[in-house]
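In numbering that gives the first Met the number 0, the protein residues as written are 0 to 35.
Glycine is no exception: its CB is placed at the ideal position from the N, C-alpha and C atoms.
Note that the structure is a prediction, hence the values are computed from the model and not measured.
Heads up, the thing below is written out as C-alpha cells.
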Amino acid sequence: MEYKYPEVLVDTQWVQDHLNDQNVRIAEVDYDSKAN
C-alpha cells in the first residue's frame, strides 16, 4: 500500500527516542478500507 504523505510516518525506534519530548504528540489512526 502506498501512502500519500510518508513524511508523517515514523518507526518504533523514532517513537522510543522521542517518548520524553514535550513537543511531540503521537496519534494512532486506523483505517478500515472495507467500511468504505
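Could you give the C-beta distance for residue i and residue j, rounded to a whole number, given that I count them as a contact under 8 Å?
i     : j     : result
Val14 : Ile25 : 6 Å
Spatial neighbours of residue i within its chain, please: CB distance less than 8 Å, with the 5 preceding and 5 following residues excluded, ordered by chain position.
i     : result
Asp31 : none
Give me, in chain order, the residues of the same chain whose beta-carbon lies closer than 6 Å to that of residue i; leave out the 5 immediate sequence neighbours on both sides.
i     : result
Asp16 : none
Between which two residues does the alpha helix (DSSP H) carrying residue i extend?
i     : result
Asp10 : It is not in any alpha helix (DSSP H) - Asp10 carries neither H nor E in the DSSP assignment.
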